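Following: one structure in structure tokens, then a few remarks.
Numbering (this note's numbering), first residue to last: 1 to 507.
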């Protein structure tokens with residue numbers, strides 16, 4: 001073996017996705033189910049239900065049904081003049097027993113506060129993307145992961161017992177930060193411990209953990225009669241169990257090598273070899289692969305955000321990926337969190353939105369490793385098809401609700417597939433030296449889309465299709481730009497910035 005061989009060569013000997021990696025992979029993504037539920041929980045925590053003004057002669061416990069027609073945000077006084085609700089609102093509790101919207105009256109002139117609550121959650125996800133990305137690159141994947149678990153457990157409980165709107169919103173923002181630490185670090189660690197031919201399987205199967213969160217939170221919310229505070233606490237308590245991962249979860253061998261911690265890397269490699277039941281790599285070959293020969297260079301310095309922009313090709317690819325993440329996230333969450341505005345039963349709309357993710361990820365498994373298709377064409381095609389479906393809502397008559405729902409659902413399916421691809425694609429394009437920083441920065445751009453989508457969805461109050469048209473237009477543009485990225489199918493991961501700059505130039 002030559003010193004020029006990469007860590008991928010070690011994985012070929014250890015097993016690209018051996019028994020040990022599979023066990024760690026399974027354990028690694030269980031916490032992401034709960035992070036997914038924290039992200040999706042706003043559909044139930046902040047359920048926007050039908051409401052009407054409370055009339056001057058009504059008690060606080062009055063029912064929603066009323067013989068005379070009363071508007072959502074105004075009523076006729078004794079003089080027959082329409083006035084704004086000045087005594088609060090009566091809410092329809094037929095489906096949702098309670099929500100933060102009901103408790104703090106986030107309707108009518110206060111409806112922007114509902115969007116703000118979710119936007120600040122996504123702002124937290126944005127901050128966490130950078131913070132935990134930087135922490136995991138500097139201190140290791142394992143410490144960053146464990147810190148995010150601990151913080152999520154503490155602030156999850158706080159948000160469930162919050163006495164007022166701002167305590168709740170700020171606690172949720174911190175939870176948003178930790179969801180990045182849990183999912184992004186898990187994802188990067190998983191991608192760094194599997195070989196090239198298993199990256200698609202590993203990168204796609206983890207998305208099913210997220211989809212599983214769709215169904216678990218829906219079932220949990222239904223069982224708890226949609227009691228939003230109890231739901232928040234129930235989602236959080238199991239998170240504390242994952243603190244035991246400190247004694248189970250390994251550090252990334254790739255990260256140890258990049259930091260020059262060769263003795264630890266060797267011990268980890270020998271441990272994996274033993275657990276996978278393969279012969280140990282001879283000491284001389286292992287030292288060569290780890291750069292222990294006399295030509296071994298000093299450990300690579302900590303990478304910063306600016307390193308992604310130092311060279312021309314990597315700079316353009318980084319900007320392209322940033323835009324793709326922005327569009328995928330904004331559209332994905334814009335559609336997922338807007339199910340209550342589609343008409344019909346909001347509970348079943350939410351389940352339908354989750355169900356379409358199953359064929360979306362199955363599609364990725366079928367095509368991402370196909371010759372002549374790969375990552376680039378799949379990403380471009382899914383963005384383009386999803387964009388066309390959403391843009392087509394421009395031509396749907398207002399009375400054809402089922403057509404609107406069908407196009408939106410198909411658009412969600414395609415965007416879900418593209419969102420799954422961009423995770424895999426980005427992790428393979430960014431070199432190891434800046435991979436977690438690149439993934440973290442990309443996720444920051446994704447969260448900007450997530451921050452904006454609650455406000456964009458408010459445009460649906462004026463025209464139901466307007467947000468969908470905007471999402472569709474952006475997806476079409478991102479689909480075209482994706483064709484400029486290099487294909488990564490069956491390629492060795494770039495290790496250094498130089499590798500990243502030269503990656504794909506042989507095409």
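Yeah, the Cβ is synthetic: ideal placement off N, Cα and C, and Gly gets one too.
Note that the structure is a prediction, hence the values are computed from the model and not measured.
Looking from the CA of residue 238, the closest CA among 482, 32 and 465 belongs to 32.
Unbroken beta strand (DSSP E) runs of no fewer than 3 residues, entirely contained in the region 315-359, are not found. Under DSSP, the beta-bridge partners assigned to residue 91 are 51. DSSP places residue 493 in no alpha helix (DSSP H); its state is neither H nor E.
Assignment of residue 252 by DSSP, reduced to helix, strand and coil, places it in the coil class.
Secondary structure of residue 106 (DSSP, three-state): coil. In this structure, residue 324 lies near residue 422, with their beta-carbon atoms less than 8 Å apart. Closest in C-alpha terms to residue 484, from the list 456, 458 and 429, comes 429.
Across the set 112, 43 and 505, the C-alpha of 43 shows the shortest separation from the C-alpha of residue 228.
Judged by DSSP in its simplified three-state form, residue 98 adopts coil rather than helix or strand. Secondary structure of residue 170 (DSSP, three-state): helix.
Sixteen is the threshold: when 16 or more other Cβ atoms of the shown chains lie within 10 Å of the Cβ of residue 45, as they do, the residue is buried. Pairing residue 174 with residue 124 gives a Cβ-Cβ distance under 8 Å. When DSSP states are grouped into helix, strand and coil, residue 398 belongs to the coil group. Note: residue 75 is bridge-paired with 83 in the DSSP secondary-structure output.
Ranking 103, 286 and 334 by CA distance to the CA of residue 457 puts 334 first. With contacts defined as CB atoms closer than 8 Å, residue 200 and residue 35 fail to qualify as a contacting pair. Residue 163 sits in coil when the DSSP states are folded into three classes, being neither helix nor strand. Residue 150 and residue 240 have their alpha carbons spaced roughly 7 Å apart. Rounded to whole angstroms, the Cβ separation of residue 177 and residue 131 is 7 Å, and the two are in contact under 8 Å. Measuring C-alpha to C-alpha distances from residue 351 to each of 231, 397 and 216 identifies 216 as the nearest. Here the alpha carbons of residue 424 and residue 353 stand approximately 22 Å from one another.
Between the region 471-480 and the region 141-161 there are fewer than three C-beta pairs closer than 8 Å, too few to call the two in contact.
In this structure, residue 386 and residue 405 do not form a Cβ contact; the two beta carbons are roughly 15 Å apart against a cut-off of 8 Å. Looking at the backbone, the Cα of residue 444 and that of residue 329 are separated by about 10 Å. Residue 122 sits in a helix when the DSSP states are folded into three classes. Apart from sequence neighbours up to five positions away, the residues of its chain that approach residue 145 with a beta-carbon distance below 6 Å are 185, ordered along the chain. Take the alpha-carbon of residue 470 and the one of residue 494: they are about 35 Å apart. In the structure shown, residue 415 adopts helical secondary structure according to DSSP, grouped into three states. With contacts defined by Cβ atoms closer than 8 Å, residue 168 and residue 159 form a contacting pair. Shown here for residue 254: same chain residues with a beta carbon closer than 7 Å to its own, the five before and five after excluded, namely 7, 192 and 432 in chain order. Considering only 84, 103 and 80, the residue with the shortest C-alpha distance to residue 91 is 103. Residue 463 sits in coil when the DSSP states are folded into three classes, being neither helix nor strand. Nearest Cα to residue 363 within the set 205, 196 and 467: 205.
Residue 25 is positioned such that its CB atom lies closer than 8 Å to that of residue 202.
Three or more Cβ pairs closer than 8 Å define a contact, and the region 370-382 falls short of that threshold against the region 394-401.
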